[in-house]
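Asker:
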Amino acid sequence: MHKPRIILFDLEFMHLNWGADLGLIYCMGWKVLGEKQIHLESVWDTKQRDPLDDKKLCKRLKEILETADMLVTFNGIKCDVPFLQTRLIHHRLGALKPIAHKDVYYTAKFKLKLSRNRLYDVQTFLGFKNKKTPVDLLQWLKALIGNKAAQQEILTHCRQDVLVLEDAYLELRPLMLSHPRLEGYGACNKCGAGLIKNKIYYTADKYPKITMKCVHCGGYETRTLTKKEREEFLNA
Ligand SMILES: [Zn+2]
């Protein structure tokens, strides 16, 4: 059976007032969930003549992200993906195709009650071993004018962000009621484990729902019963 390919990623970009029309992507850190290797793609590796030209990088990022069955980000729905889409459209490279996307920011914001909801706050609250690295704002400008040390600092920061993102995703996953279903019904919608217990169903609704708990990742899900389940549970 095809194992879902889940890509966790984070973009770093230069911008004026968060606009992707007045900005460019510096780099993307990414990894496939369940694999060890962390990959870094950067505009500085594309040997572009114009320091503001991120076209080759955008093309590469599109190719990578479109191999995913699901994307995982922290605030990528409002930030990273629209930024990339803007750059892709700008370069006439075509929009990123629709891909299932779980944004851990919304889990932190709506399923927890932290004083602040940044990835850094989740990291410190849960005491992850992986840590985000602070980068002085001036380094972003230095990187633009070709300062190699500043560029390296941003790449290291991006790499660490992916590791912390992975920690946050795995730690908060049990809280995610809505999560793209990557494998069929009968498997956990989050981790794909086949073992689900604690079936509770109620029949007052015209469309009875079922709540289940995964014994592997500890996550819950609530959904409408499939036709087969309706027959199995309600006609028993
Ligand atoms: Zn699970």
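Letter by letter, the sequence shown follows residues 10 to 245 in this note's numbering. Beta carbons are placed, not taken as given, at the ideal position from N, Cα and C, and that holds for glycine.
Taking TYR229 as part of the beta strand (DSSP E), name the residues at either end of that continuous run.
Answerer: Within the sequence shown, residue 229 is the residue found at index 220, counting from 1. Where TYR229 is concerned, the enclosing beta strand (DSSP E) stretches over 229–233.
Asker: Which residue wins for smallest C-alpha separation from HIS100, given the options LYS87, ASP63, PHE119, LYS12?
Answerer: The count along the sequence shown starts at 1 and reaches residue 100 at position 91. Of the candidates LYS87, ASP63, PHE119, LYS12, the one whose C-alpha sits nearest the C-alpha of HIS100 is ASP63.
Asker: Would the C-beta of GLY228 count as close to ligand 1, meaning under 6 angstroms from any of its heavy atoms?
Answerer: Reading the sequence shown from its first residue, position 219 is the one you call residue 228. Yes; taking the cut-off as 6 angstroms, the Cβ of GLY228 has a heavy atom of ligand 1 nearer than that.
Asker: Take the Cβ of SER51 as the centre, count every other Cβ of all protein chains shown within 10 Å, and call the residue buried at 16 or more, exposed below.
Answerer: In the sequence shown, residue 51 corresponds to position 42, counting from 1. By the 10 Å Cβ count, SER51 comes out buried.
Asker: Counting only runs that start and end within the segment 66–111, where is the beta strand (DSSP E) found for 3 or more residues in a row?
Answerer: 79–82
Asker: Does DSSP put LEU121 in a helix, a strand or coil?
Answerer: In the sequence shown, counting from the first residue as 1, residue 121 sits at position 112. Residue state, collapsed to three classes: coil.
Asker: Relative to the C-alpha of PRO60, which residue among LEU191, GLN169, LEU150 is closest?
Answerer: One-based indexing of the sequence shown puts residue 60 at position 51. Ranking LEU191, GLN169, LEU150 by Cα distance to PRO60 puts LEU150 first.
Asker: Heavy atom of ligand 1 less than 6 angstroms from the Cβ of ALA202, yes or no?
Answerer: Sequence index remark: in the sequence shown, residue 202 carries index 193 (1-based). ALA202 Cβ: within cutoff of ligand 1.
Asker: Give me the Cα-Cα distance between PRO183 and HIS225, rounded to the nearest whole angstrom.
Answerer: In the sequence shown, the residue the question calls residue 183 occupies position 174. In the sequence shown, the residue the question calls residue 225 occupies position 216. Approximately 10 angstroms, taken between the alpha carbons.
Asker: Between the segment 162–175 and the segment 189–205, can you find at least three pairs of beta-carbon atoms closer than 8 angstroms?
Answerer: Contact fails: fewer than three Cβ-Cβ distances are below 8 angstroms.
Asker: Give the secondary structure of TYR35 by DSSP, where H, G and I count as helix, E and B as strand, and everything else as coil.
Answerer: Numbered from 1 along the sequence shown, position 26 holds the residue referred to as residue 35. TYR35 falls in the strand class under three-state DSSP.
Asker: Do VAL171 and GLN132 have their C-beta atoms within less than 7 angstroms of each other?
Answerer: What you label residue 171 is simply residue 162 of the sequence shown in a count that begins at 1. What you label residue 132 is simply residue 123 of the sequence shown in a count that begins at 1. Contact: no.
Asker: Whose C-beta lies closer than 6 angstroms to the C-beta of LYS65 among residues of the same chain, with five residues either side of it excluded?
Answerer: Along the sequence shown, one-based indexing puts residue 65 at 56. For LYS65, where only same-chain residues beyond five positions count, the Cβ hits under 6 angstroms are THR55.
Asker: On the criterion of 16 or more Cβ atoms from any shown chain inside 10 Å, does LEU241 qualify as buried, or is it exposed?
Answerer: Stepping through the sequence shown from its first residue, residue 241 is reached at position 232. Here the sequence assigns Glu to residue 241, which means Leu is not the residue at that position. By the neighbour-count rule (16 or more Cβ atoms within 10 Å), GLU241 is not buried but exposed.
Asker: Buried or exposed: which applies to ASN198, given that a residue is buried once 16 or more other Cβ atoms fall within 10 Å of its Cβ?
Answerer: On the sequence shown, position 189 is the one that residue 198 refers to. Label assigned to ASN198: buried.
Asker: Determine which residues share a DSSP beta bridge with GLY28 and list them.
Answerer: Within the sequence shown, the letter at position 19 stands for residue 28. For GLY28, which the question treats as bridged, DSSP gives the partners LEU25.
Asker: Count the other C-beta atoms from every protein chain shown that fall within 10 angstroms of the C-beta of THR231, then say buried if there are 16 or more, exposed otherwise.
Answerer: As a first step, residue 231 is located in the sequence shown; it is residue number 222 there, counting from the start. By the neighbour-count rule (16 or more Cβ atoms within 10 Å), THR231 is not buried but exposed.
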